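A short write-up of the structure that comes next.
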Amino acid sequence: MKHKILKLISRKKTSSFRVVLLGSPGVGKTALIVRCLSNQFFNNYVRGKQEAYRYKVTVGTKKIQLEIMDSNGKNDALISYADSVILVYSVTNKDSFENVKNLIQKVRALNLNDIPIAVVANKIDQCKQREVSAKDRLSLSAEYGVEVFERSAAIPTEDLKSILVEMCKQSQFEKRKISRSFMAADTKSNGYQKYLNSRSKSYSALDSIKILSDY
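Just so you know, we're using the numbering used here here: the sequence shown kicks off at 483 and counts up by one.
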């Protein structure tokens with residue numbers, strides 16, 4: 483039985499990894515994703531539209547298929563079942579920075595799995611229009627316990643790839659800690675099976691795209 487459980491966990495780690503991007507309209511979420519997936523930059527998108535993307539990355543020796551949801555924040559189910567969340571603000575918009583604080587609290591309230599949360603400060607190329615300082619960024623990181631990365635979709639070398647890989651690593655590390663904790667406990671109890679069942683209540687890639695198409 484223990485061997486079967488470990489095999490199930492192994493398959494989970496090498497399957498899809500759900501990442502949800504959230505942020506105020508106009509902060510550049512879609513531009514960041516498109517830059518990462520295609521190495522192209524466009525600055526004209528329909529605001530408020532939700533899209534789903536697939537992208538493969540290599541973490542260690544494993545290939546992981548990312549399911550990236552570009553969300554408008556209206557679908558709480560996406561947050562509840564996410565494996566990680568990236569929150570985006572624009573350094574040229576102080577209101578979008580303040581909104582990230584609300585989004586951090588929202589994610590932690592809806593998703594109880596202690597998933598990795600990263601914050602991306604986008605549009606760092608627009609120095610003259612900057613409203614959010616480096617001091618603001620460091621203060622946010624310290625207050626909420628999140629990493630804040632400065633990026634620009636307009637700069638080819640400043641995309642999401644390294645952040646996505648790091649979040650996969652963090653998520654796998656946390657899952658290993660949880661699995662070891664349960665395996666060390668009384669194996670006759672059903673605690674580990676309850677945990678396994680709770681993790682299996684996620685929807686498939688097709689389900690996630692269907693949900694996105696409803697908005």
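For glycine and all other residues, C-beta sits at the position ideal for the given N, C-alpha and C. Here the structure is a predicted model, which means the values were calculated and not measured.
Checking the DSSP bridge columns, you'll see GLU580 has no partner listed. VAL601 and VAL582 do touch by the CB rule: their CB atoms are close to 6 Å apart, below 8 Å.
Inclusion of GLY510 and SER553 in the CB contact set at 9 Å is not warranted, their separation being larger than that value. Across the set GLY627, LYS576 and GLU625, the C-alpha of LYS576 shows the shortest separation from the C-alpha of ASN604. At least 9 Å separates the beta-carbon of LEU548 from that of LEU504. In the three-state scheme derived from DSSP, where H, G and I count as helix and E and B as strand, GLN522 is classed as coil.
Looking at the DSSP output, LYS610 shares a beta bridge with no other residue. The beta carbons of CYS518 and LEU622 sit no closer together than 9 Å. The three-state secondary structure of TYR626, taken from DSSP, is helix.
When the beta-carbon positions are compared, ILE606 and ILE586 stay at least 9 Å from each other. Here the alpha carbons of ILE561 and LYS643 stand approximately 21 Å from one another. Between the alpha carbons of LYS545 and GLU625 lies a distance of about 34 Å. With a beta-carbon spacing of about 13 Å, ASP558 and LEU594 fall beyond the 8 Å limit used to define contacts.
In the DSSP assignment, ASP558 falls within the alpha helix (DSSP H) that extends over 558-562.
VAL501 has its alpha-carbon roughly 15 Å from the corresponding atom of ARG590.
Restricting attention to ILE597, MET649, THR512 and THR540, the CA atom closest to the CA of PHE523 is found in THR512.
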